[in-house]
Amino acid sequence: MKAVVVNDEGTLSVQDIEMPQITSSDQILVKVAYCGLCGSDIPRIFHHGAHFYPITLGHEFSGTVVEMGSDVTEFDIGDLISCVPLLPCFKCDECQKHYYSLCKHYTFVGSRITGGLAQYIVINKKSAFKLPKDVSLIQGAFFEPMTVGMHALLLAEGCHNKNVVIVGGGTIGLLAMQCAKAMGAKFVAVLDINEERLNLAKKLGADAVYHAKNMTVSEINDALLPHRFDQVVLETAGTPATVSLAIEIAGPKAKVGLVGTLHNDVTLSEKTFGLILRKELQILGSWMNYSAPWPGKEWQLVSQFFVDGKIKLDELIAGVGNFDEFVQQVSALNGHPMNGKILLNCM
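Printed below as a string of structure tokens:
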């Protein structure tokens, strides 16, 4: 079968590899339909960030169940699924408390084990979420990134009738923005330094957008003044500058969710740190996207939002290609961030 293989730093190729086989009674064989490139895959490809090489990445994928182990009763042949990439042990103390993202003995599809950038993949039955009949396979490939922002919003105790500010207009940020709208936020703003992303945020329903490079912190705060109370701020860009910015523009007693993964040290100025105290901010770390009952309320809500037609994806997709086209698109990034989601079409 065909697969996208990362051979070493920055080198991707389409290879014919052996078809995977079910080796355990709790596994399923999935014919992959679509698989997205995650921002976390970029350092795995270009900056020696993978756990091993060669590796087939891909944890944002959908597909069809084509074979099942003898102990699988939750699915039928032909069911459409979205990948739930984390596989916790369900036995450690953290798992017993339903802190699945903190599992001591987890594995992860497309990182610690082979992923979905291939025509077929074998996964544990707990790594599959059944798609409702009204949800498409291309929507199924967005469940994982969409539940990341959803998890943070739930940690902030929801956002119904609240003001939500998203710092970072990438895929995670714009999906989180749509989730906030679907959850009943009364006002949602997006900050970024990319004009294209801000225009896209407007199209997708943002009530306001702010260019963080062209506006001072004081100007942003003035714009947010009517929306400063009952506020949830999500930092989704994952840079030292945006972490500081999220704190600086947060309203009194706001909940600040840190979602973006950083690759550089953060140093807060004395003034910025003081704002956490003076504004009595609640700083919430948000890691992955799981809760109880497994895989979590996040996944059920995302599923319902898609069924209800509340999420727009077309504008978020930068490209959908076959194996060769996908490799060309990803290689062209040369280690730089994506501007929109790149998807592999395996069908």
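Under our numbering, read the sequence shown as residues 404 to 750, first letter to last.
Positions of the beta carbon are idealized from the N, C-alpha and C atoms, including for glycine.
8 angstroms Cβ cutoff met for residue i and residue j
i: residue 409; j: residue 448; result: yes
i: residue 640; j: residue 573; result: yes
i: residue 669; j: residue 689; result: no
i: residue 685; j: residue 654; result: no
i: residue 434; j: residue 522; result: yes
i: residue 770; j: residue 432; result: Not covered by the structure: residue 770. The range shown for the chain is 404 to 750.
i: residue 657; j: residue 674; result: no
i: residue 636; j: residue 612; result: no
i: residue 419; j: residue 456; result: no
i: residue 425; j: residue 525; result: yes
i: residue 427; j: residue 544; result: no
i: residue 520; j: residue 406; result: yes
i: residue 468; j: residue 480; result: yes
i: residue 568; j: residue 588; result: no
i: residue 537; j: residue 472; result: no
The beta strand (DSSP E) enclosing residue i, as first and last residue numbers
i: residue 464; result: 463-471
i: residue 594; result: 590-595
i: residue 418; result: 414-419
i: residue 570; result: 566-570
Residue i: first and last residue of the uninterrupted alpha helix (DSSP H) it sits in
i: residue 492; result: Where residue 492 is concerned, there is no enclosing alpha helix (DSSP H), given that its DSSP letter is neither H nor E.
i: residue 436; result: First-last for residue 436: 430-439, but that is the beta strand (DSSP E), not the alpha helix (DSSP H).
i: residue 444; result: 444-449
i: residue 614; result: Careful: residue 614 lies outside any alpha helix (DSSP H), inside the beta strand (DSSP E) at 611-614.
i: residue 602; result: 598-606
i: residue 624; result: 620-627
Residue closest to residue i, alpha-carbon to alpha-carbon, out of the options
i: residue 715; options: 670, 666, 609, 581; result: 581
i: residue 616; options: 625, 604, 629, 644; result: 644
i: residue 445; options: 697, 538, 514; result: 514
i: residue 484; options: 506, 502, 437; result: 437
i: residue 547; options: 579, 450, 618; result: 579
i: residue 549; options: 479, 700, 725, 735; result: 700
i: residue 694; options: 586, 721, 551; result: 551
i: residue 677; options: 740, 731, 650, 571; result: 650
i: residue 648; options: 621, 664, 628; result: 621
i: residue 708; options: 577, 586, 506, 623; result: 586
Residues sharing a beta bridge with residue i, DSSP
i: residue 692; result: According to DSSP, residue 692 bridges with nothing at all.
i: residue 675; result: Answer by DSSP bridge pairing: none, since residue 675 is not bridged.
i: residue 661; result: 638, 688
i: residue 722; result: 745
i: residue 411; result: 414
i: residue 406; result: 418, 521
i: residue 531; result: 486
i: residue 526; result: 431
i: residue 510; result: 490
i: residue 458; result: 409
i: residue 541; result: Answer by DSSP bridge pairing: none, since residue 541 is not bridged.
Proximity test, residue i beta-carbon vs the ligand MG heavy atom, cut-off 7 angstroms
i: residue 415; result: In the structure shown, the ligand MG is absent, as is every other ligand, since no ligand is present at all.
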